[in-house]
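**Student:**
In the numbering used here, the protein residues as written are 37 to 107.
1) Expressed to the nearest angstrom, what Euclidean distance is found between the alpha-carbon atoms of residue 104 and residue 96?
2) Which class does residue 100 belong to by DSSP, given the choice of helix, strand or coil?
3) Straight-line CA distance for residue 69 to residue 106?
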């Protein structure tokens with residue numbers, strides 16, 4: 037193999053290694069983002085449930101107050 041071929045092959049190998057390392061880093065970041073997104077989604081679901089519960093409670097409370105005022 038000629039020196040220029042070896043040099044090109046080494047450069048290609050180094051470039052490939054850099055690209056693969058960057059890809060692994062991006063995959064790790066993507067996994068972290070997906071995990072955070074899942075956690076946020078779960079928190080939103082809990083907030084929606086609490087929101088509905090609070091408004092149902094307040095609605096019932098106002099109905100009872102109205103009934104008591106009517107008596």
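In this text, a Cβ means the ideal position worked out from N, Cα and C, and glycines have one as well.
**Tutor:** Reading off the structure:
1) 12 angstroms
2) helix
3) 55 angstroms
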